[in-house]
Each structure stands twice: as C-alpha cells, then as structure tokens.
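> Residue numbers (my numbering), protein chains in the order written: chain A, 1 to 284; chain B, 285 to 571.
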Amino acid sequence: MTHRHQPLAARIVFWGVITIATLWCIFPFYWAIVTSFKERGDILTKPTLIPWLQYTPTLFNWQNEFGQRWPEISKALGNSLIIAIGASAIAIGLGTLAGYGLARFRFYGWKNRDMTMWFLSQRFLPPMVTAIPFFMVIKSLGLIDKQLALILANATFTMPFAVLILRDVFKDIPVEMEESAWVDGASHLQSFWHIALPLAAPAIAAALVICFAFSWNEFLFGLILSYDRAIPVTVIIAGVSHTQGIQFHQVATRLLLAILPPALLALTAQRYIVRGLTFGAVKG
Amino acid sequence: MPARSKVKFLFVLPGILWVLAFTIYPLIRSLTLSFTNARMGRTGQFVGLQNYIRAVGDYRFQNSVAVTVFFVICSVVLTVGIGLGLALLFNRPMRGQRVFRSLFTMPMFTAPIALGYLGLTIFHEDVGAVNTILRALGVADLPRWGSEIWTARAAIVLVDVWQWTPFCFLVLLAGLSALPEEVYEAAVLDTSSGWDIFRFVTLPLLTPVLFTVIMLRLVEAFKMLDIPFSLTNGGPGAATQTMSFYIYLTGLRNFNQGYASAMAYFLLIAMMIIAMIFFRRMRQNFD
Chain A
1 MTHRHQPLAA RIVFWGVITI ATLWCIFPFY WAIVTSFKER GDILTKPTLI PWLQYTPTLF
61 NWQNEFGQRW PEISKALGNS LIIAIGASAI AIGLGTLAGY GLARFRFYGW KNRDMTMWFL
121 SQRFLPPMVT AIPFFMVIKS LGLIDKQLAL ILANATFTMP FAVLILRDVF KDIPVEMEES
181 AWVDGASHLQ SFWHIALPLA APAIAAALVI CFAFSWNEFL FGLILSYDRA IPVTVIIAGV
241 SHTQGIQFHQ VATRLLLAIL PPALLALTAQ RYIVRGLTFG AVKG
Chain B
285 MPARSKVKFL FVLPGILWVL AFTIYPLIRS LTLSFTNARM GRTGQFVGLQ NYIRAVGDYR
345 FQNSVAVTVF FVICSVVLTV GIGLGLALLF NRPMRGQRVF RSLFTMPMFT APIALGYLGL
405 TIFHEDVGAV NTILRALGVA DLPRWGSEIW TARAAIVLVD VWQWTPFCFL VLLAGLSALP
465 EEVYEAAVLD TSSGWDIFRF VTLPLLTPVL FTVIMLRLVE AFKMLDIPFS LTNGGPGAAT
525 QTMSFYIYLT GLRNFNQGYA SAMAYFLLIA MMIIAMIFFR RMRQNFD
C-alpha cells in the first residue's frame, strides 16, 4: 500500500490519532512523575498538572524516599530483584533445554505438540486456582516468607514464555550447522552448547528480560507467601496505601520505583515481545 | 536424527517434571480440597459436591461471575477493537516507528498492582488528574469515580484498556505487516473502496492473528485480580469483585479453603474451555 499522495485531511487525522495515542500512553507515567515532585500541600489544595507553571517542584518526596523511608523500600526492591533474577534464571534454564528439545527432536507417543501444550497450559491457568494449595505446600516445606518460595512460584509462571520463545528461535537456526558438528563426532549436548546456544543468545537475553519483568510485577503470590522478610516491591506499595490512606506524594515515588525497572528493561527486548507474548504464534 | 537417541529426553524432562511438581500437583491438591470442608488449621472432611452446590447458589459468587464476564467482554472488545484500528492506521512506512513501538511496549510491563494505586490518584474525586481535566473542560457534574458502581467499573476498564491496548496494537501491527503486498496490489485493481479491501482481503488474512490476540486477551481478562484489588478494593460493595478476588477473600482471608477451591474449579473450567479452543486451532503451530 502506498500512501504518498494523501489528502491533507487524512494526514491531519493520522497525526491527530498518533498524538492522542501517545499522550494517552504517556499520561500515567507523566502524572506519577509530576506528583512525585509535589509538596503535600500542593496536592491537597489545588489540582495541578503542570510543574513550574502551577506549582513549584520539590525534591522533598524523593529525599524522603531515599532517606528516612529507604530501609523499607530498599529491602523490598532487593527482594524483588533477587526473586525476579532467581525465577527468570530457572525459567530460562529449563526453558532453553525444553525449547531446544522440542525444536530439534521428534517425540513419539507423547508428541511434540502435546508437550508444547503441557508447557503452555500453565499460562492458561488462573493463578488463583493454584494459590491455595501452593500456599499449603510452601507452608509445609517451611518456606513461608522466604525468597525461595517466590522464586519457585514465579519460575513456574514465567517458564511458558521461555519454552515457547526458545523453541521458536531454535527452530529458526538451520539444523545443518549442527549436523556438520555431529559428523565430526560431536554429541548433541556439545552441539547444543557450542553451536545452538551462542546463536540463540540474543533471544535468550530477551526471554530473560520478559520473565524478569513478569516476575517483578507479580503480586498475588507475593502477598500470600511473604509477610516480612521476603516482601517484594509490589506488596510493599499495597501496604503503604492501605495503612496510611492514600498519601499521593509518597505513593508516587514508590510506584515509580516499582514500575520503572521492568518497563525500561522491557525496551531492550523489543524485537521479541510480540513473538514472546503470543508464544510464537505471531512473528514480530 | 535417530529416533532411538535417548539424549532428547534429557532436554525436555526437567521442564516437564517442574510443571508436574508446581502446576499439576497443586491442581490435584486443589481438586481434593474442593470436596472437603477444610478451613484454616483443619484438614476437613469429605463433603462430596456440597461446595460446588453451595457455589451455584451463592449470590456473592454469582455476582463475581457477572462482574468478571462484564470486565472480560469490555476489556476484550475495547483492547482488540482499538488495537486493530490503530494497527490499520499505523501500517505504513513512517518515521519514528521504533520510538512509538517502544513507547507502546511500556504499559504492558507496568505492574498492574502499581497501576491500580496510581489509578487511585488519577481518579481521585477532588484532586485526581481526570477530574482536573474534566473541570478545566467545564464539566459541572464531575464523576465520583470510586464511590459509584458504574464509574468504579468504568475506571477499572479504562486502566485495563490502557495497559493492554498497546499489546493488541503491536501484535496486530506485526500481523498486518506480514501480509503479502501483492494481494493488495491485485485488490486495488478490483475495487477502490477501502472498506471492501478491509472486509474481503485484510480481515480474512488477518483472522489467525486476530484469533490469537482475542484468545490471549480472554485468558488474561478472566484472571483479573490486581487492578480491582488496588483500584477499588472490589467496591463499592462488591461491584468490582471479580471471581479471582472473591476466591482470594474466601480462601486466603477467611481461610475457607475447601469452598474457595471449589469456586476456583469453576474458574478453571471456564479457562479450560478457552484453552481447548485455542489449542485446537493452534495445533499445527506446536508440532
């Protein structure tokens, strides 16, 4: 389709829609940022949207967040970091192996597609269905309020992304490259390790980012499996708003600290997001 | 590759066992729980189908089903509809497309729970962003977002639409740009109507992608919990209490685990139907 000779009206509509979509998309982030630079009084007395013009920005909330409130939030950020790294590492480890196995070998009896669905079915499962028994199992293992419990949970939730992305990527790597290694006497494990894995490295990194982001953003299991030492950042922001009412200015800084790491990190996985989130059904 | 090679099992087995341990085993535990009257600290006795029968007659559960179905319909229709519209508009060579794509990636990676609390400040009746803008536009009768049934529901739908429209947009855009150019060149010779081209050329070709998007959105929308939890806390009353939310309250706040598990199985059955439809269509893709 060529659109080079468009009437003026069509171009105005086009750019109008783009502008609205962009503003719509940015607005919540913008709002959180401007609110985080407002003083308590400014927030409650006059509704304001534009810094400098309508109110004087202050660093007070951020100083407070990185000062007095830092021990609490830094612990939660640390927990989220450990949980997300641990969970995505497990998900990628298992997912890379399974993805390679499904892409390179044919299974009989229990066929490839059955296995793929086995992995994917986890994504169709509402977390609430397994939450209660998961809680009971974790409790009987003595892992309540341990980061490990949340690592196990999130690894389970994010593994389907890893398996499906990697399966797709390994399928795209020509099998001939590995065949020549087998002729030379290399084993499957060797060709996987020395040939396929390096070629898949960018996709593995992207899958890691996607698993990391979803683990970081997970809330329900964080809520039920932790109460003090292992509390992740998604749960700490819930706590603050409930106990103290809505403290706009305080909430804004915390929300930004919770939102930005995965949202910014996801930008690096841009190329794989469509493919990853549709489980390889649509190539982005 | 020789079929007798045993090494292939080495690759898939760890993952399969993991799913068995952390997905299937809890599911079975959940099923057995659903036939008992287990409560906190009490193992519970077998009560047969009592929990299931109770759920069918529980007006709070019925309410949560209705609320969930309402959110699912709104969310799927709006996110896919707007996403498709934007994708059709953007499907052309344009400058700065990478910037827009990056921008539209951010909402879906925003923690829903954080988004809900942010929404609390955005929809605040006096000093929230939305009412500030409405006031500036001269709207006299400002909506009281959190305290009325339909405005609270609308707020949740808006937040969900904000988060997931970009996903639909990006996927449908990817689907559109993968369509073969020649088909359009041929179609343009036959008709000059943009609508006809969309209706008889684009839409049929896009159906598989559209199907995938709708299915994935259905699945996520049925799970909805975080946004009602943070934005409205299920209220006012139980007007925004989704199935996941009510199951959470029953099983993990009131520790009525047997009953909650039975209700969870109703949700699971709904999801299994969606999953079966999805898997049937996608079977070849997974081979």
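Where is the CB? At the ideal position from N, CA and C, for every residue including glycine.
Remember, it's a predicted structure, so these values are computed and weren't measured experimentally.
1) Measuring CB to CB, does B:Phe506 end up less than 8 Å from B:Met566?
2) Going along the stretch 530-560 of chain B in order, which residues come within less than 8 Å of chain A, judged by CB to CB distance?
3) Kindly indicate if chain B contains any beta-carbon less than 8 Å away from that of A:Lys171.
4) Could you tell me whether any Cβ in chain A is nearer than 8 Å to the Cβ of B:Arg326?
5) Name, please, each residue of chain B whose Cβ falls closer than 7 Å to the Cβ of A:Gln190.
6) DSSP three-state call for B:Phe539: helix, strand or coil?
7) Using only the alpha-carbon positions, how far apart do B:Thr475 and B:Leu460 sit?
8) Under 8 Å: do the stretch 352-359 of chain B and the stretch 437-449 of chain B share three or more Cβ pairs, one atom per stretch?
9) By how many angstroms is the C-alpha of B:Phe570 removed from the C-alpha of B:Phe293?
10) Using only the heavy atoms of the ligand SAM, determine whether one of them is closer than 7 Å to the beta carbon of A:Ala131.
11) Looking only at its chain, what residues have a beta carbon closer than 6 Å to the beta carbon of A:Val276, apart from the 5 residues adjacent to it on each side?
12) A:Tyr55 by DSSP, collapsed to three states: which one?
13) Could you list which residues in chain B have their beta carbon closer than 7 Å to that of A:Ile259, in chain order?
14) Does any CB atom of chain A fall closer than 8 Å to the CB of B:Gly604?
15) Does the Cβ of B:His408 have 16 or more other Cβ atoms within 10 Å, making it buried, or fewer, making it exposed?
16) Residues of the stretch 422-452 of chain B with a CB closer than 8 Å to any CB of chain A: list them in chain order, please.
17) For A:Leu150, which residues of its own chain have a beta-carbon under 7 Å away from its beta-carbon, when the five flanking residues on both sides are left out?
18) Compare the Cα-Cα distances from A:Ala203 to each of A:Ser180, A:Phe170, A:Asp184 and A:His188 and report the closest residue.
19) Could you name the residues of the same chain whose beta carbon sits closer than 7 Å to that of A:Met115, not counting the 5 residues immediately before and after it, in chain order?
20) Can the beta-carbon of A:Ile33 be found closer than 8 Å to that of A:Ile236?
21) Does any C-beta atom of chain B lie closer than 8 Å to the C-beta of A:Pro262?
22) Along the chain, where does the alpha helix (DSSP H) that runs through B:Asn347 open and close?
23) Anyone know if the C-beta pair for B:Cys452 and B:Thr363 falls short of 8 Å?
24) Using 8 Å as the Cβ pair cut-off and three pairs as the minimum, do the stretch 430-437 of chain B and the stretch 515-535 of chain B touch?
25) Determine, for A:Thr243, whether the minimum Cβ-Cβ distance to residues of chain B falls below 8 Å.
26) I'd like to know if B:Leu494 contacts chain A, where contact means its C-beta is closer than 8 Å to some C-beta of that chain.
27) Just to check my reading of the structure: A:Ile266 and A:Ala200 have Cβ atoms closer than 8 Å, yes? What is that Cβ distance to the nearest angstrom?
28) Per DSSP, what kind of secondary structure is B:Phe330 in: helix, strand or coil?
29) When you compare only the Cα positions, how much space is there between B:Ile366 and A:Val17?
30) In whole angstroms, what separates the C-alpha of A:Ala206 from that of B:Phe393?
31) Could you tell me the alpha carbon to alpha carbon distance between B:Asn321 and B:Thr534, rounded to whole angstroms?
32) Could you give the distance in angstroms between the alpha-carbon of A:Pro127 and the alpha-carbon of A:Leu8?
33) Which chain A residues sit within Cβ distance under 9 Å of B:Ala458?
34) Name, please, each residue of chain B whose Cβ falls closer than 7 Å to the Cβ of A:Gly289.
35) Please classify A:Gly16: does DSSP put it in a helix, a strand, or coil?
36) Can you tell which of B:Asn335, B:Ile557, B:Met508 and B:Asp510 has its C-alpha closest to the C-alpha of B:Ser545?
Answer, in terms of the structure:
1) With respect to the 8 Å criterion, B:Phe506 and B:Met566 are not classified as neighbours on the basis of their beta carbons.
2) Residues passing the 8 Å Cβ filter: Ile531, Tyr532, Gly535, Leu536, Gln541, Ala544, Ser545, Ala548, Tyr549, Leu551, Leu552, Met555, Met556, Ile558 and Ala559.
3) At a cut-off of 8 Å, the C-beta of A:Lys171 has no neighbouring C-beta in chain B.
4) At a cut-off of 8 Å between beta carbons, B:Arg326 makes no contact with chain A.
5) In chain B, no part has a C-beta under 7 Å from the C-beta of A:Gln190; the shortest such distance is about 11 Å.
6) When DSSP states are grouped into helix, strand and coil, B:Phe539 belongs to the coil group.
7) Their Cα atoms are separated by approximately 20 Å.
8) These segments touch.
9) Looking at the two C-alpha atoms, the distance is approximately 18 Å.
10) Summarising the ligand content, the structure contains no ligands, and the ligand SAM is consequently not present.
11) Looking at the sequence shown, residue 276 of chain A is not Val but Gly. Around A:Gly276: Phe161, Ile165 and Ile210.
12) Assigned with DSSP and collapsed to three states, A:Tyr55 falls in strand.
13) Going along chain B in sequence order, the residues near A:Ile259 (Cβ under 7 Å) are Thr394, Ala395 and Ala398.
14) Residue 604 of chain B is absent from the structure shown; chain B starts at 285 and stops at 571.
15) By the Cβ neighbour-count rule, B:His408 is buried, with 16 or more other Cβ atoms within 10 Å of its own.
16) In summary, the residues of the stretch 422-452 of chain B whose CB is separated from some CB of chain A by less than 8 Å are Trp446, Pro450 and Phe451, in the order they occur in the chain.
17) Cβ-Cβ distances below 7 Å link A:Leu150 to Ile83, Phe221, Gly222, Leu225, Ser226, Ala230 and Pro232 in the same chain, with the five nearest sequence neighbours on each side left out; the list follows chain order.
18) Per the Cα distances, A:Phe170.
19) Closer than 7 Å at the Cβ level, and outside the excluded window around A:Met115, lie Leu102 and Phe107.
20) It is not a contact, given that the beta carbons lie outside the stated cut-off.
21) A:Pro262 counts as touching chain B.
22) Here the alpha helix (DSSP H) through B:Asn347 covers Tyr343 to Phe374.
23) Yes, they are a contact pair.
24) Yes, the stretch 430-437 of chain B touches the stretch 515-535 of chain B.
25) In this prediction, A:Thr243 scores a pLDDT of 47, lower than 50, which makes its location untrustworthy; the coordinate-derived value is nonetheless stated afterwards. It does not: the Cβ of A:Thr243 has no partner Cβ on chain B nearer than 8 Å.
26) B:Leu494 has a beta carbon lying at 8 Å or more from every beta carbon in chain A.
27) Note that residue 266 of chain A is Ala in the sequence shown here, rather than Ile. In fact, because the Cβ distance is near 19 Å, the residues do not count as touching under 8 Å.
28) Correct three-state label for B:Phe330: strand.
29) The straight-line gap from Cα to Cα measures roughly 11 Å.
30) Approximately 14 Å, taken between the alpha carbons.
31) So the alpha carbons of these two residues sit roughly 13 Å apart.
32) The alpha-carbon atoms of A:Pro127 and A:Leu8 are separated by roughly 50 Å.
33) Against chain A, a Cβ distance below 9 Å from B:Ala458 picks out Val274, Arg275, Thr278, Val282, Lys283 and Gly284.
34) Residue 289 of chain A is absent from the model: chain A starts at 1 and stops at 284.
35) If DSSP states are grouped into helix, strand and coil, A:Gly16 belongs with the helices.
36) Looking at the Cα atoms, B:Asn335 is the closest of the given residues.
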